[in-house]
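Protein chains: 4
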Amino acid sequence: MTSLDPGTRGFYVIAATPFADDGGMDWASTDRLMDFYLEAGVDGITILGIMGEAPKLAPEEAAQFVERVLARVRGRVPVVVGVTSTGFRLMGELARRSVDQGAAGVMVAGNGPLRTDEQIRRYVAGVVEELGPGIPIVLQDYPQSTNVHFSPELLNRLFAEFPGIVMLKHEDAPGLRKISLLRDAEAAHQRRRVSILVGNGGLHLMQELARGADGAMTGFAFPEALVEVIRRWFAGERESAEDLYDAYLPLIRHENQLGLGLALRKETLHHRGIIASPRARAPGPSLDARDREELAHLLRRLERAVERLSAPAPLRMAGE
Amino acid sequence: MTSLDPGTRGFYVIAATPFADDGGMDWASTDRLMDFYLEAGVDGITILGIMGEAPKLAPEEAAQFVERVLARVRGRVPVVVGVTSTGFRLMGELARRSVDQGAAGVMVAGNGPLRTDEQIRRYVAGVVEELGPGIPIVLQDYPQSTNVHFSPELLNRLFAEFPGIVMLKHEDAPGLRKISLLRDAEAAHQRRRVSILVGNGGLHLMQELARGADGAMTGFAFPEALVEVIRRWFAGERESAEDLYDAYLPLIRHENQLGLGLALRKETLHHRGIIASPRARAPGPSLDARDREELAHLLRRLERAVERLSAPAPLRMAGE
Amino acid sequence: MTSLDPGTRGFYVIAATPFADDGGMDWASTDRLMDFYLEAGVDGITILGIMGEAPKLAPEEAAQFVERVLARVRGRVPVVVGVTSTGFRLMGELARRSVDQGAAGVMVAGNGPLRTDEQIRRYVAGVVEELGPGIPIVLQDYPQSTNVHFSPELLNRLFAEFPGIVMLKHEDAPGLRKISLLRDAEAAHQRRRVSILVGNGGLHLMQELARGADGAMTGFAFPEALVEVIRRWFAGERESAEDLYDAYLPLIRHENQLGLGLALRKETLHHRGIIASPRARAPGPSLDARDREELAHLLRRLERAVERLSAPAPLRMAGE
Amino acid sequence: MTSLDPGTRGFYVIAATPFADDGGMDWASTDRLMDFYLEAGVDGITILGIMGEAPKLAPEEAAQFVERVLARVRGRVPVVVGVTSTGFRLMGELARRSVDQGAAGVMVAGNGPLRTDEQIRRYVAGVVEELGPGIPIVLQDYPQSTNVHFSPELLNRLFAEFPGIVMLKHEDAPGLRKISLLRDAEAAHQRRRVSILVGNGGLHLMQELARGADGAMTGFAFPEALVEVIRRWFAGERESAEDLYDAYLPLIRHENQLGLGLALRKETLHHRGIIASPRARAPGPSLDARDREELAHLLRRLERAVERLSAPAPLRMAGE
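Chains as they are written, first to last, in the working numbering: chain A, 344 to 663; chain B, 344 to 663; chain C, 344 to 663; chain D, 344 to 663.
Written as structure tokens, this is what we have:
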């Protein structure tokens, strides 16, 4: 249940990192957030991703956060730890420590001025060498944020060359055809299978599932909804999955504002009573009164849209 | 009716440029496309934008296209001509010729390595100087494509300094707060009003209208839908406007794939029987069988969603 | 003498495009400039490159410029025509017309959002298909300006796949190791040889020659100097070549200011009495009084440095 | 002597961070490097800059490095500590700790997606707020590496608004006119003076001094040479300063290869017997046999060029 493998399927949530209003770590909210994710039925939890504000944590804060999360989750679902760093040494230390404590794997994105296929390949080879054979790797393909572009051809090559990579976090955009090309390579037995979970807030999730994605890994503030969408999809209830998805699309689309999305998600988690403060560490985005009213309007419309579907209600709309 | 001014409101469509299968200009489809836009009730037509594949036209083709469109539209709605060019001289020639023939104004985007506010200001000053006082200017703010970033502060300054700029084509993303800041400056009487039409395929249209946008300017392949959404909004029927909008959102979101959007729109216009060939000039995007089936699936769901609303049906779903 | 082939060696000058003070084409200066280049002993002339302000010329101006240059040069050295365009159709038309009139080949750079090796390969394949088999191609690798990155691995693949590419205009930076890797591939008989001429104003020319470059293709305003440096190098007089090079290095380095270089070169060519006006078309760089005095200071020091070497004097320091 | 103020002038060296061959900190080489810089006559030492591989150090390593350097330098020259971080909290902690231990100030570069003047201003305001009034700030303007562009207009505004900024590390390129514009603003009494030290390896140092720079801050591997160039310049011996500079220009130019420069400098410092290992932490550049021979050739030519000038010899060419 807590392992990560090429057949992994479902919804992995990208966890926020809760801070107190003074910017310090908020451990009580951290526990509550993990409980909420588990209650929502997520298949896995990814911490210290870009949305987790990892680059703003001191290494000792990151290590404590990993420890706290693992202790709270107690192996009920796999926990993946984002370890991307400007230096391999720091990356390796966090990765080894996390896996020793029970993490199911680590996630690594491209970092630095990597332009050509060969530059990226050398970078990934260096990552793999630093991490060694025992640590399952999720490769994050997120060019909008990293400016590192993995082509399907390169990914095929990397998956064939490095068996430690068990999953692709796919968030290239536009990226639909990429999924098809990756699955075509497997269908033609050109290389072993990898799990593909999509990101970008799930903005194209139904198309991605139809093209062969195994699910999503994203920080959407209603994880229970995407859990259910993906469950229905793999149960063969495709139209009903898409109906439910479409009800959430206005919010999914709204959260998908580069940079601002983090603030919107923390605000929604705060509004739902899960984390004590919506604060992000500086420098970071924050919402003003208009932003909050705009979000509240979308949440009200969401409630009505979900009612119309007689869909399972969200776990909680606001803290009570 | 055919002028462009700071109070302009409604839906301006960004016109595709129809090509024959051999890549030559397709004048019959051009006429049919203009008739379709007028029948859809658009408030204006913008030609030779980025979506109009302007940089792939020879200047004489561009001039002929302008002439053909103006002759077909016959002043029933304003026609705006995209004139952005790497050289001011070529820009000026196309602009003057277009306005002489009846265009209501021209649209100009940032172009080249413009990084700082002052570099952008000097560029805009050069544009204004080249165009002279008689040509209404739509300033296009589209950083995802141009890598030129107009801050609200800079826009306020440009609008105050250059009265020839009558409209902002806003497609910064995320860009919601920018609209609020621009309208705040007007409310505080810091400068005259400008019209703001939003782009980005209308992906955040309802939020943008709520923050003060005057409408949209985009190449969405169902212009009649956005015409109606915007009509309802300004008629005070806000929830019904948003219900209609949400029915179209899955397609709006799907079209909004950078680069691929053009091919999806041409395919839809072709599917609806309006243009003879969905072809874009090389190098350009094209759809494969999976892409087309995916689009067809979304169009089928769109039909059902619209029916459920008892909304006005699209003019035509497929050519008949 | 006027053909372009994989063994081509020497100094090709990137020609400026002379304009009159009113921005129109200056044909008399065009003739004078070509005469000057021939007198300087260049091995070839490249026109309508990025430095030639090609994107600011109307297609008919570009065609006339090609015609004028070819008529003046009369086959004494090969003329290469830059044909990079946002559309393949326009590129093909200029290329065919130029070669029909006597051009030795065309130069093409990456253009548009080409990020991965495979995207670039498809672009080059499209270029080759449009141009057909009869037109020798110089592939320009200039990432600082185009943001298109050709890896050595990709270049090896392109040279093997497309025999029409006879030369690489190399101006990646840093790019020294790239030249070694390309020559290593030839030494290992992995593919046929290509000519490599380096750009970037010749800023690393001696290192590039030592690693296997065949010469340079750049717009340095003292072409006679680089002609002589390269001549000495291939005559085995390596230290004397480098001594001469070092005397010119302060100016080479000064010209190598991205964007401003064009204005500095036109100013120097004007100062040397070769072109009537130093003007670039708008929007473009221009020099102020401080810039000109700074340049004049460097030219005075250059004269003294060259004297100290008892080197062949530049053809002309200032117009007389 | 150890303070940093708006009148600061001279040569500040950007210190490398010496590692052992196993990637650990090398404290003996750190001491030797500081002794070497002091012996070379530098006016200040900047540690933990981009060239100092700061982002690859764990915070505790960075803190130890600061402590070690300050203990070795013992206040003989000002020490500036690079503190740029993705999070203000981490930045503030390192800055306060460094100044408490005796650092003369901190250096901060733009970081993250800062595009418009106003976005940059808000970032700098956040930095200033986090650091508080007591810490002198060097603002690093290095767009080639950070993609953050400070216009002269914005810098004037920042210097006027934030008195804590006492120095500009200028390494925009091309950036000559920027220095003139900044000094013009001071000459017109538009704002207080700031010290300007230039970077980019000193590639345009003589022009920058002529336009008003106060010196250089760069990691050139022969700091004693730039110390002497700048000393002569301010002593009024301008031609002799430039003659000496030109002798070093081939190496200055060679080191100025983005990314590779660090490896070349560490190799030279190693070759000169100052640091035990030329190693950079992964992922980072490294030299192969050709790179080393190429560098050795340039060092041999440098020795001869310096002899011809009867210039003061470098302190050491190779370790003895």
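Ideal Cβ positions, reconstructed from N, Cα and C, are used throughout, including at glycine.
Item                                                                                                                          : Value
Given phenylalanine 565 of chain A as reference, the closest of A/Thr360, A/Ala406 and A/Val385 once Cα atoms are compared    : A/Val385
Inter-stretch contact (C-beta, 8 Å, three-pair minimum) for the segment 450-461 of chain D and the segment 486-495 of chain D : yes
First and last residue of the uninterrupted alpha helix (DSSP H) at tyrosine 380 of chain A                                   : 370-382
Inter-residue Cα distance where the pair is valine 412 of chain D and glutamate 514 of chain D                                : 25 Å
Residue nearest to alanine 625 of chain A in terms of C-alpha spacing, selected from A/Phe379, A/Leu524 and A/Pro398          : A/Pro398
Which of helix, strand or coil DSSP assigns to leucine 630 of chain C                                                         : coil
CA-to-CA distance, leucine 630 of chain C to glutamate 582 of chain B, given in whole angstroms                               : 58 Å
Cβ pair count under 8 Å reaching 3, the segment 387-396 of chain B against the segment 416-429 of chain B                     : yes
Which residues DSSP lists as bridging histidine 513 of chain B, in chain order                                                : B/Asp484 and B/Val541
Isoleucine 617 of chain A in three-state terms, based on DSSP                                                                 : coil
C-alpha distance - proline 479 of chain A paired with aspartate 557 of chain A, whole-angstrom precision                      : 17 Å
Beta-carbon proximity list for arginine 644 of chain A, same chain, < 6 Å, skipping 5 on both sides                           : none
CB contact below 8 Å: glutamate 461 of chain C versus chain A                                                                 : yes
Local Cβ density within 10 Å of glycine 562 of chain C, reported as buried at 16 or more and exposed below that               : buried
Range of the contiguous beta strand (DSSP E) that encloses glycine 430 of chain A                                             : That residue, glycine 430 of chain A, is in no beta strand (DSSP E); it is neither H nor E in DSSP.
Heavy atom of the ligand SAH within 7 Å of arginine 534 of chain A beta-carbon                                                : The model depicted lacks the ligand SAH and carries no ligand whatsoever.
C-beta atoms of leucine 524 of chain B and proline 495 of chain B nearer than 8 Å                                             : yes
Distance CB(phenylalanine 577 of chain B)-CB(arginine 352 of chain B) smaller than 8 Å                                        : yes
8 Å Cβ cutoff, leucine 607 of chain A in contact with chain C                                                                 : no
7 Å Cβ shell around methionine 404 of chain B - same chain, five flanking residues per side excluded                          : It is worth fixing the name first, because residue 404 of chain B is glutamate in this sequence and not methionine. Only Met368 meet the Cβ criterion.
C-alpha distance - alanine 401 of chain C paired with leucine 511 of chain C, whole-angstrom precision                        : 27 Å
Three-state secondary structure (DSSP) of alanine 559 of chain C                                                              : strand
Supposed contact pair leucine 603 of chain A and proline 517 of chain B - C-beta distance, whole angstroms, cut 8 Å           : 5 Å
Closer than 8 Å to chain A by CB, glycine 602 of chain B                                                                      : yes
Nearest candidate by alpha-carbon position, reference glutamate 650 of chain C, set C/Ala639, C/Leu587 and C/Arg534           : C/Leu587
Nearest-angstrom Cα separation, counted from leucine 347 of chain A out to glycine 545 of chain A                             : 21 Å
N-terminal and C-terminal residue of the beta strand (DSSP E) that alanine 530 of chain A is part of                          : That residue, alanine 530 of chain A, is in no beta strand (DSSP E); its alpha helix (DSSP H) goes 519-530.
Neighbour-count burial assignment, glutamate 636 of chain D, 16 or more Cβ in a 10 Å radius                                   : exposed
Phenylalanine 467 of chain A - containing alpha helix (DSSP H), residue span                                                  : According to the sequence as given, residue 467 of chain A is valine; it is not phenylalanine. That run of the alpha helix (DSSP H) goes 460-474.
Integer Cβ distance of glutamine 550 of chain B from leucine 519 of chain B, believed to fall under 8 Å                       : 5 Å
Beta-carbon spacing of proline 349 of chain A, valine 537 of chain A below 8 Å                                                : yes
Span of the beta strand (DSSP E), counted from its first residue to its last, around methionine 450 of chain C                : 448-452
Chain A contacts made by the segment 468-487 of chain D, where a contact means CB separation under 8 Å                        : Gly469 and Glu473
First through last residue of the alpha helix (DSSP H) which encompasses phenylalanine 502 of chain C                         : 495-504
Min CB distance serine 523 of chain C to chain D below 8 Å                                                                    : yes
For proline 387 of chain A: DSSP bridge partner residues                                                                      : The residue you asked about is not proline; residue 387 of chain A is glycine in the sequence shown. Looking at the DSSP assignment, glycine 387 of chain A forms a beta bridge with A/Tyr355.
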